[in-house]
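Participant: At position 143 of the sequence shown (counting the first as 1) the number is 143 in full-length UniProt numbering, and the numbers step up by one without a gap.
Positions of the beta carbon are idealized from the N, C-alpha and C atoms, including for glycine.
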Amino acid sequence: MYGSRDKKLTYLGILAQSNDTAALELLALGKSNVQIATSPNFKDWTLLNHTQDPLPQLGDWVRPGLTVNLNPKANVWAPAVIKRPSDNKFVLYYSAASADSPENAPRTSHCIGAAVSDTSSPAGPYLPLNDTITCPIDEGGAIDPSPFIDTDGSFYVTYKVDGNNIGHGGECGNMVKPLVPTPIKLQKMMADGVTPDGSDITILDRTEDDGPLVEAPVIVRSSEGIYFLFFSSGCTRNPSYDVKYAFANDVRGPYQRAKKPLLRTGDFNLTAPGSVGVMDLEDGTFGMVFHARVQASYGKVRAMYTSAIRFNGTEVLLVKKI
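(1) Kindly provide the ranges of any beta strand (DSSP E) runs that are 3 or more residues long and lie completely inside the stretch 125–211, ordered along the chain.
(2) Quick check: what's the CA-CA separation for Val68 versus Ser233?
(3) Tell me the DSSP bridge mates of Ala292?
(4) Spell out the partners DSSP gives Ile315 in its beta bridges.
(5) Compare the Cα-Cα distances from Pro122 to each of Ala105, Gly113 and Lys83 and report the closest residue.
(6) When DSSP labels each residue in this structure, what does Asp280 get in the three-state scheme?
(7) Assuming Pro125 contacts Pro54 (C-beta within less than 8 Å), just tell me the rounded distance between them.
(8) Taking Cβ to Cβ, would you say Pro212 is nearer than 9 Å to Leu229?
(9) Rounded to whole angstroms, what's the CA-CA distance from Glu103 to Ser109? Just pull it up for me.
(10) Can you pull the DSSP bridge partners for Cys111?
(11) Under a Cβ-count criterion, where at least 16 other Cβ atoms within 10 Å of its own Cβ denotes burial, should Pro273 be classed as buried or exposed?
(12) Evaluate Arg293 with the Cβ neighbour count: other Cβ atoms within 10 Å of its Cβ, from every protein chain shown; 16 or more gives buried, anything less gives exposed.
(13) Pull up the distance between the alpha-carbon of Ala28 and that of Pro196, whole angstroms please.
(14) Can we say the stretch 261–279 touches the stretch 197–212, given the rule of at least three CB pairs closer than 8 Å?
(15) Classify Ser4 as helix, strand or coil using the three-state DSSP reduction.
(16) Which value, in whole angstroms, describes the spacing of the CA atoms of Ala80 and Asn33?
(17) Answer yes if the stretch 86–100 comes into contact with the stretch 129–138, meaning at least three C-beta pairs across the two stretches below 8 Å, and no otherwise.
(18) Between the alpha carbons of Pro181 and Asp205, how many angstroms are there, rounded?
(19) Where does Asn71 fall in DSSP's three states?
(20) Note down the Cα distance separating Asp200 from Met304, rounded to an integer number of angstroms.
(21) Assign Pro261 to buried or exposed, taking buried as 16 or more other Cβ atoms, counted over all protein chains shown, within 10 Å of its Cβ.
(22) Would a C-beta distance cut-off of 9 Å place Asp144 and Ala78 closer than the cut-off?
(23) Count the other CB atoms within 10 Å of the CB of residue 324; is the residue buried (16 or more) or exposed (fewer)?
(24) So what's Phe268 in DSSP terms, helix, strand or just coil?
(25) Quick one, are the C-beta atoms of Val116 and Tyr94 less than 9 Å apart?
Now the structure itself:
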């Protein structure tokens, strides 16, 4: 997330805000690689036309073409935007189908890349870099990149190793033993935000209670200096999907899990809530955006919802009704 409000900058999660207008990067339904919705108040949203794709071109590492019927491009997932302090340029991170994924594999593996914009708007357009940031094909690939800049200026990207992509079956491909790890990684970056600085570290992995996976990591630092790692577990296609969080005194961990999910099926009549983005609203609360399943004419799809949260020590509280 990039936030700009009264010229004060906050960098959190996957939301991009500029000139008091929040711009959320969303997965388009097969018509663009990335789509944008804007809001002046984090409540009233306008979905921009798919022709305003901020990422019309992808890196050379991407495998284009039809891989899923509803996505005639390259299955671009989970875009995330941040403004890097070194030159005030916007960087967009994304995961997409990799050209290195074996042609005969039952599922195409995704990898993570980045693109950089020369404009003053988080809406881009962005020029893609031709190399990946990470591409662990043998481990199932990598998805859900999310940037974070710490108070000392250190730049990080957190992401999920998509182990269930090479799982042995069952819910989300990974409930038949032996289960494949789906670790959440933290990668320190150089000041440019696109060059890894050293090796990644694992900051969380699935447990039995998580079901097939953990994914969609987002790191937020509270005003008390506590680091919160938001993530989802379960299977996004099923009611088991939820929003959880863990906390630590250092961005690198160790992270201690909260005792219960922040959001799960049944809360506020939601079904399968997950994959949050968080930004500082500078009124003592943080805006949170996430998706949950709704019924459409062609089946269940993921709709966007917003709420607000507040940090109280190591606890996350929902403070506004969804």
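Facilitator: So, to answer that:
(1) Taken in chain order, the complete beta strand (DSSP E) segments of 3 residues or longer contained in the stretch 125–211 are 142–149, 155–161, 184–189 and 201–204.
(2) The count along the sequence shown starts at 1 and reaches residue 68 at position 68. The count along the sequence shown starts at 1 and reaches residue 233 at position 233. For Val68, the predicted model reports a pLDDT of 49, less than 50, meaning its position is unreliable; a value from the coordinates is still stated below. Taking the straight line joining both Cα atoms gives about 23 Å.
(3) To locate residue 292, count along the sequence shown from 1; it is residue 292. Answer is Ala303, bridged to Ala292.
(4) Position 315 of the sequence shown, counted from the start, is the residue given in the question as residue 315. Position check: residue 315 holds Glu in this sequence, whereas Ile was assumed. Answer by DSSP bridge pairing, in chain order: Asn312.
(5) As a working note, residue 122 is residue 122 in the sequence shown. With distances taken between Cα atoms, Pro122 lies closest to Lys83.
(6) Counting from 1 along the sequence shown, the entry for residue 280 is found at position 280. In the displayed model, Asp280 falls within a strand according to three-state DSSP.
(7) Within the sequence shown, residue 125 is the residue found at index 125, counting from 1. Within the sequence shown, residue 54 is the residue found at index 54, counting from 1. Their Cβ separation, rounded to whole angstroms, is 5 Å, which keeps Pro125 and Pro54 in contact under 8 Å.
(8) Residue numbering aside, residue 212 sits at position 212 when the sequence shown is read from its first letter. Residue numbering aside, residue 229 sits at position 229 when the sequence shown is read from its first letter. Result no, Cβ atoms of Pro212 and Leu229 do not sit closer than 9 Å.
(9) Translated into the one-based positions of the sequence shown, residue 103 becomes position 103. Translated into the one-based positions of the sequence shown, residue 109 becomes position 109. About 10 Å.
(10) Taking the sequence shown and counting its residues from 1, the one referred to as residue 111 is at position 111. According to DSSP, which records beta bridges pairwise, Cys111 is partnered with Ala96.
(11) In the sequence shown, counting from the first residue as 1, residue 273 sits at position 273. Pro273 comes out buried.
(12) Here the question's residue 293 lines up with position 293 in the sequence shown. Only buried fits Arg293, as 16 or more other CB atoms lie within 10 angstroms of its CB.
(13) Reading the sequence shown from its first residue, position 28 is the one you call residue 28. Reading the sequence shown from its first residue, position 196 is the one you call residue 196. Its pLDDT being 46, under 50, Ala28 is placed unreliably by the model, and the measurement read from it follows with that caveat. Answer to the nearest angstrom: the Cα atoms are 28 Å apart.
(14) Contact fails: fewer than three Cβ-Cβ distances are below 8 Å.
(15) Stepping through the sequence shown from its first residue, residue 4 is reached at position 4. Legend: pLDDT at Ser4 = 39, less than 50; position of this residue unreliable, value from coordinates given subsequently. Reduced to three states, the DSSP call for Ser4 is strand.
(16) On the sequence shown, residue 80 is found 80 positions in, with the first residue counted as 1. On the sequence shown, residue 33 is found 33 positions in, with the first residue counted as 1. The straight-line gap from Cα to Cα measures roughly 13 Å.
(17) Result yes; three or more Cβ-Cβ pairs closer than 8 Å.
(18) Reading the sequence shown from its first residue, position 181 is the one you call residue 181. Reading the sequence shown from its first residue, position 205 is the one you call residue 205. For Pro181 and Asp205, the distance between alpha carbons rounds to 7 Å.
(19) Taking the first residue of the sequence shown as 1, we reach residue 71 at position 71. Note that Asn71 has pLDDT 48, beneath the 50 cutoff, so the model's placement of it is unreliable and no number is given.
(20) Taking the first residue of the sequence shown as position 1, residue 200 is located at position 200. Taking the first residue of the sequence shown as position 1, residue 304 is located at position 304. Their Cα atoms are separated by approximately 31 Å.
(21) Here the question's residue 261 lines up with position 261 in the sequence shown. If you draw a 10 Å sphere on the C-beta of Pro261, you find 16 or more other C-beta atoms in it, and that means buried.
(22) Start at 1 with the first residue of the sequence shown, and residue 144 comes out as number 144. Start at 1 with the first residue of the sequence shown, and residue 78 comes out as number 78. Yes, the pair counts as a contact, with Cβ atoms nearer than the cut-off.
(23) Lying outside 1 to 322, the shown extent of the chain, residue 324 is not represented and no answer is given.
(24) Start at 1 with the first residue of the sequence shown, and residue 268 comes out as number 268. Helix.
(25) Counting from one through the sequence shown, the residue named residue 116 turns up at place 116. Counting from one through the sequence shown, the residue named residue 94 turns up at place 94. The answer is no: Cβ separation not under 9 Å.
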